[in-house]
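Data block below; observations after.
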Amino acid sequence: MDNNLNKSHLGLRLHVPVMDELKNMAEARGETVSSLVRDLIREELQRNGVAISITTKIV
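Be aware that the sequence shown starts at 56, since it is given in our numbering, and climbs by one per residue.
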């Protein structure tokens with residue numbers, strides 16, 4: 056099966072306090088905000104029995 060059929064785009068608009076908290080969490084873990092968000096989503100989905108591959112881009 057073509058992998059492109061399984062890809063989707065997730066766009067998030069975050070309020071400044073939320074983005075600031077994500078930045079603080081990422082800094083504490085030594086990660087970028089993109090990798091932190093990707094990992095948090097992946098962990099939550101895996102907890103619910105869903106296997107996925109995620110790439111993120113913060114602009």
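All C-beta atoms in this analysis are idealised placements derived from N, C-alpha and C, irrespective of residue type, glycine included.
Where residue i sits in the DSSP three-state scheme
i	result
R91	The amino acid occupying residue 91 in the given sequence is Leu; Arg does not appear at that position. Helix at L91.
L100	helix
For residue i, the first and last residue of its enclosing alpha helix (DSSP H)
i	result
E76	71-84
Whole-number beta carbon distance between residue j and residue i, since they are thought to touch under 8 Å
i	j	result
K78	V88	6 Å
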